[in-house]
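As structure tokens, the structure follows; a few thoughts come after it.
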Ligand SMILES: [Zn+2]
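Residue numbers (this note's numbering): 193 to 490.
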């Protein structure tokens with residue numbers, strides 16, 4: 193493990209950006225997690241991958257950054273704690289700027305690789321089935337599909353991350369993938385393992401590690417295939433499904449209750465057959481907030 197960058201803290205320990213590197217030469221892959229400090233599944237997944245690579249070094253080079261926002265992680269926070277700034281909003285960074293801008297620049301420089309992956313979780317209030325968001329076509333889509341994660345979500349240019357670390361990688365001419373699994377604040381070991389298998393399949397696709405298990409993709413969709421259910425009114429959402437469930441048209445996704453008294457205010461049903469890819473985990477909901485998404489398979 194090497195320290196690639198350091199920020200002096202006001203007291204005690206300094207912030208350090210850690211990198212674990214395996215192998216040498218090309219091709220090269222860089223994998224980042226914990227850019228948002230409270231998104232824990234990616235941290236665990238990348239550490240699982242590190243364990244495997246320690247036993248069997250790759251052909252080519254793999255750089256792992258399991259936890260970028262260490263201070264945020266220690267405090268259960270997504271952002272950099274001192275000034276509450278989002279490191280992912282600081283790209284391409286600035287070596288003369290505030291801490292988040294300096295970290296962003298150091299990370300962008302340290303992830304010089306052919307293929308780059310940024311692993312996130314959903315927001316703390318929603319749970320996401322492990323998924324990769326990719327362009328509508330091209331080499332990045334091929335790499336995304338090779339991960340074999342449960343969902344491949346193809347998005348047009350204006351819906352792809354044009355900013356953030358993934359956007360900065362693309363502008364630097366690197367192939368970049370945006371991966372999401374589970375929810376913030378929560379470690380889900382099942383989702384972490386799924387993410388780790390996806391990262392392994394990506395390396396296997398690049399012929400860097402031996403072949404691994406079969407694809408787990410159950411939905412390969414565009415926005416037109418994804419049905420988003422938003423709350424028609426404020427209330428308390430009680431889900432009746434979990435992410436990964438296969439549902440038919442009309443399947444009950446959840447109920448809306450009155451938060452005080454518990455009267456049933458309404459129910460939410462799938463409009464089409466598909467896989468549940470997102471479920472609201474925090475029940476208090478305002479009107480128009482996301483309750484669930486179904487990735488159509490029918
Ligand atoms: Zn994130």
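For glycine and all other residues, C-beta sits at the position ideal for the given N, C-alpha and C.
- Annotation: residue 273 to residue 267 spans about 8 Å, alpha carbon to alpha carbon.
- Pairing residue 232 with residue 449, the inter-Cα distance amounts to about 30 Å.
- Residue 227 has its CB nearer than 8 Å to a heavy atom of ligand 1.
- Looking at the backbone, the Cα of residue 275 and that of residue 255 are separated by about 28 Å.
- At a cut-off of 8 Å, the beta-carbon of residue 312 counts as near ligand 1: some heavy atom of the ligand is closer than that.
- One thing to note: residue 283 has its Cβ within 9 Å of the Cβ of residue 357.
- Nearest to residue 368 by C-alpha distance, out of 277, 478, 304, is 304.
- Beta-bridge annotation (DSSP): residue 445 is not paired with any residue.
- A Cβ-Cβ distance of about 27 Å is found for the pair residue 402 and residue 411, leaving them out of contact under the 8 Å criterion.
- Taking 8 Å as the cut-off, one finds at least one heavy atom of ligand 1 near enough to the beta carbon of residue 231.
- Of the other Cβ atoms in all chains shown, 16 or more fall within 10 Å of the Cβ of residue 341; this residue is therefore buried.
- Residue 419 is bridged by DSSP to 486.
- Boundaries of the alpha helix (DSSP H) harbouring residue 362: 356 to 363, taken from the DSSP string.
- According to the DSSP assignment, residue 259 belongs to no alpha helix (DSSP H), since it is labelled neither H nor E.
- Burial state of residue 198 is exposed, judged by a 10 Å Cβ sphere holding fewer than 16 other Cβ atoms.
- Contact check between the stretch 369 to 387 and the stretch 310 to 326: three or more CB pairs, one atom from each, fall below 8 Å, which counts as touching.
- In the structure shown, residue 376 adopts coil according to DSSP, grouped into three states.
- With a minimum length of 3 residues, the unbroken runs of beta strand (DSSP E) contained wholly in the stretch 258 to 333 fall at 307 to 314, 318 to 327.
- Not a single heavy atom of ligand 1 lies less than 8 Å from the C-beta of residue 374.
- Around the Cβ of residue 332, a 10 Å sphere holds 16 or more other Cβ atoms; the residue is buried.
- Closest in alpha carbon position to residue 468, among 219, 486, 474, 454, is 486.
- For the pair residue 455 and residue 363, the Cα-to-Cα distance works out to about 51 Å.
- Distances taken from the Cβ of residue 367 to the heavy atoms of ligand 1 include none shorter than 8 Å.
- For residue 440, no beta strand (DSSP E) encloses it, and the DSSP letter there is neither H nor E.
- Relative to ligand 1, residue 239 has its C-beta separated by 8 Å or more from all heavy atoms.
- Scanning its chain for C-beta atoms nearer than 7 Å, with the 5 sequence neighbours on each side dropped, one finds around residue 476 the residues 428, 451, in chain order.
- By the beta-carbon neighbour count (other beta carbons within 10 angstroms, threshold 16), residue 322 is buried.
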